[in-house]
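Numbering (this note's numbering), first residue to last: 37 to 144. As structure tokens, the structure follows; a few thoughts come after it.
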């Protein structure tokens, strides 16, 4: 896996096992698919346990904000391109533009 792809995955997912990410990338083929799969697993893990636990006067644990954050991140992931994807309908060749620099004022 390309170091840029791995860096992008770590930026999207936080600290994650590199070997696991590499195996997923080899199986799925794109960084965005890997990120979506990892986030879906995290979401499923949150849904498997109660989102809110209250013991009166002792402790309150509320993970609904975590679930909302993961769902928001999954939705955002659908709108961005991974580092290994080209823009749809776009040209992925490099372009070089040149411009002439002229001074703003002439000196006397």
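C-beta: ideal position from N, C-alpha, C; glycine also. As the structure is a prediction and not an experimental result, all values here were calculated from the model.
{"query": "Secondary structure of residue 94, DSSP reduced to three states", "result": "coil"}
{"query": "8 Å contact criterion, which residue 110 and residue 75 should meet: CB distance rounded", "result": "5 Å"}
{"query": "9 Å Cβ cutoff, residue 139 in contact with chain B", "result": "No chain B appears in the structure shown, which is made up of a single protein chain."}
{"query": "Exposed unless 16 or more other CB atoms sit within 10 angstroms - verdict on residue 68", "result": "buried"}
{"query": "Cut-off 8 Å between Cβ atoms - residues of its own chain near residue 113, not counting five sequence neighbours on either side", "result": "48, 68, 71, 72 and 75"}
{"query": "In chain order, each alpha helix (DSSP H) run of at least 4 residues that lies wholly inside the region 63-111", "result": "67-84"}
{"query": "Which listed residue (104, 95 and 97) has its alpha carbon closest to that of residue 79", "result": "104"}
{"query": "Same chain, Cβ closer than 8 Å to residue 106, neighbours up to 5 away in sequence not counted", "result": "75, 78, 79 and 82"}
{"query": "Rounded straight-line distance, which links the Cα of residue 102 to that of residue 84", "result": "13 Å"}
{"query": "Classification of residue 132 by the beta-carbon crowding that lies within 10 angstroms, buried from 16 upward", "result": "exposed"}
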